[in-house]
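> To start, I am sharing the structure in question, which I have written as structure tokens.
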Ligand SMILES: CC(C)(COP(=O)(O)OP(=O)(O)OC[C@H]1O[C@@H](n2cnc3c(N)ncnc32)[C@H](O)[C@@H]1OP(=O)(O)O)[C@@H](O)C(=O)NCCC(=O)NCCS
């Protein structure tokens, strides 16, 4: 049976998220997580649907791609399809030829063990920016974060949005985006948390995304207000996120961050996550004129 690429409607995104959850197993390489789709949902259901592609055989979804920005496709595969040659070749063809990604310099994120890495490598794609994968097993107890942790709901959304803007350079996050995200189907399994300083100002923010009982959970995003760094808030909010995932039944917590983000890597380590591997995006450079 041939592999077919599809673009789900907003109504069909729930099915895509459900399938992706089943792929989040600690024995499978860490890859695009339903929480990544949930975080993208801050732009609304329509835009999330427009950014999503599926590849199926006989109606069964075997791979999902999320266009996370104009020039980056992030991918997840059904565990049994990671080395499926027909699928890898069709994805490679669609990515380059059917307008999934634009002309010029583009990147694709996929597990290092996925066959698409080899196929695109043969086509001249090169390895791009290194990302550190950090992980903590949640089978053992997670210590108390040592601070009061707040579950953020609609009432605190404006404060949480302000912390996120003050954490990430160039962030455009708003309260409206929080509400759009929280209305998404993936958010059902998420927890948005905040930590305040002694004056009551929210200073640290995290969202953790469960993929269900016994499955891998994700941190996305995590940040500390730039004027409140170096006081242990990053470690505390990360530990709080890990505990929330443990309560939700996750088997582990994972996060990807650019290897160059020394502060983030140090903070995750300090919160008990270990760097387990490094992944590189695949990058297709702009074609030079002959
Ligand atoms: C990364 C970040 C969350 C750290 O927050 P923070 O409150 O300053 O971190 P903490 O005070 O809890 O520090 C935790 C540990 O990391 C270390 N650390 C923090 N920032 C560091 C830096 N820039 N370089 C080296 N080490 C750093 C601390 O020394 C501490 O180590 P220790 O536990 O061994 O003593 C914050 O800088 C931030 O929000 N950055 C921008 C957003 C971001 O990159 N988020 C993560 C990626 S999704």
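Residue numbers (the UniProt record's numbering): 1 to 290.
All C-beta atoms in this analysis are idealised placements derived from N, C-alpha and C, irrespective of residue type, glycine included.
Which runs of the alpha helix (DSSP H) spanning at least 4 residues fall entirely within the stretch 199-275, listed in chain order?
Runs of the alpha helix (DSSP H) inside the stretch 199-275: 233-247 and 262-270.
> Got a sec? Which residues, its chain only, sit under 8 Å from residue 92 by beta carbon, not counting five neighbours each side?
By one-based count along the chain shown, residue 92 stands at place 92. Within the same chain, residue 92 has close Cβ partners 116, 119, 120 and 123.
> Alpha carbons only, please: which of 153, 258 and 126 is nearest the one belonging to residue 132?
Locating residue 132 in the chain shown gives position 132, where the first residue counts as 1. Out of 153, 258 and 126, 258 has the C-alpha closest to the C-alpha of residue 132.
> When burial is assigned at 16 or more other CB atoms within 10 Å of the CB, is residue 285 buried or exposed?
Numbered from its first residue, the chain shown carries residue 285 at position 285. Exposed: under 16 other Cβ atoms inside 10 Å.
> Note down, one range per segment and in chain order, each beta strand (DSSP E) of at least 3 residues found wholly within the stretch 29-91.
Fully enclosed beta strand (DSSP E) runs of 3 or longer: 52-57, 60-67 and 72-77.
> Pull up the CB-CB distance for residue 128 and residue 282, whole angstroms please, since I reckon it's below 8 Å.
Taking the first residue of the chain shown as position 1, residue 128 is located at position 128. Taking the first residue of the chain shown as position 1, residue 282 is located at position 282. About 7 Å; that satisfies the 8 Å criterion.
> Just list the residues that DSSP pairs residue 106 with in beta bridges.
As a position in the chain shown, residue 106 is number 106, starting the count at 1. Beta-bridge pairing links residue 106 to 284.
> Is the CB-CB distance between residue 94 and residue 5 below 9 Å?
Taking the chain shown and counting its residues from 1, one reaches residue 94 at position 94. Taking the chain shown and counting its residues from 1, one reaches residue 5 at position 5. Going by C-beta atoms, residue 94 is nearer than 9 Å to residue 5.
> Please determine if the stretch 19-36 and the stretch 68-84 are in contact, where contact requires at least 3 C-beta pairs separated by less than 8 Å.
Verdict: yes, contact present.
> Skipping 5 residues on each side, what residues in its chain have a beta carbon closer than 6 Å to that of residue 65?
Residue mapping note: residue 65 aligns to position 65 of the chain shown, counting from 1. These residues qualify, in order along the chain: 53, 73 and 75.
> Between the beta-carbon of residue 209 and the beta-carbon of residue 186, is there less than 9 Å?
As a working mapping, residue 209 is identified with position 209 in the chain shown. As a working mapping, residue 186 is identified with position 186 in the chain shown. In this structure, residue 186 lies closer than 9 Å to residue 209 by Cβ.
> Could you check how far apart the C-beta atoms of residue 135 and residue 260 are, in whole angstroms? I think they sit under 8 Å.
As a first step, residue 135 must be located in the chain shown, where it is residue number 135. As a first step, residue 260 must be located in the chain shown, where it is residue number 260. With 8 Å as the limit, residue 135 and residue 260 do not qualify as a contact, their Cβ atoms being about 19 Å apart.
> Tell me the rounded alpha-carbon separation between residue 270 and residue 240.
Residue 270 sits at position 270 when you count from the first residue of the chain shown. Residue 240 sits at position 240 when you count from the first residue of the chain shown. One C-alpha to the other measures close to 13 Å.
> Within 10 angstroms of the Cβ of residue 11, are there 16 or more other Cβ atoms? Answer buried if so, exposed if not.
Reading the chain shown from its first residue, position 11 is the one you call residue 11. Residue 11 should be labelled exposed.
> Judging by CA-CA distance, which residue of 49, 217 and 154 is the nearest neighbour of residue 189?
Along the chain shown, one-based indexing puts residue 189 at 189. Of the candidates 49, 217 and 154, the one whose C-alpha sits nearest the C-alpha of residue 189 is 217.
> For residue 156 and residue 88, I'd like the C-alpha separation in whole angstroms.
Stepping through the chain shown from its first residue, residue 156 is reached at position 156. Stepping through the chain shown from its first residue, residue 88 is reached at position 88. So the alpha carbons of these two residues sit roughly 44 Å apart.
> Who pairs with residue 193 in a beta bridge, going by DSSP?
The residue you call residue 193 lines up with position 193 of the chain shown. The partner list for residue 193 (beta bridge, DSSP) reads 151 and 206.
> Go ahead and label residue 1 buried or exposed: buried means 16 or more other beta carbons lie within 10 angstroms of its beta carbon, across all protein chains shown.
In the chain shown, counting from the first residue as 1, residue 1 sits at position 1. The residue in question, residue 1, is exposed, as its Cβ has fewer than 16 Cβ neighbours within 10 Å.
> Just to confirm, is the Cβ distance from residue 161 to residue 177 under 9 Å?
For this step, residue 161 is matched to residue 161 along the chain shown. For this step, residue 177 is matched to residue 177 along the chain shown. Contact flag set, yes.
> Spatial neighbours of residue 256 within its chain, please: C-beta separation below 6 Å, excluding the five flanking residues on both sides.
On the chain shown, residue 256 is found 256 positions in, with the first residue counted as 1. Cβ neighbours of residue 256 beyond the five flanking positions: 131 and 133.
> Is DSSP giving residue 131 helix, strand or coil here?
The residue you call residue 131 lines up with position 131 of the chain shown. The answer is strand: DSSP assigns residue 131 an E or B state.
> When the Cβ atoms of the stretch 217-235 are set against those of the stretch 189-207, are three or more pairs found closer than 8 Å?
Enough Cβ pairs lie closer than 8 Å, so yes.
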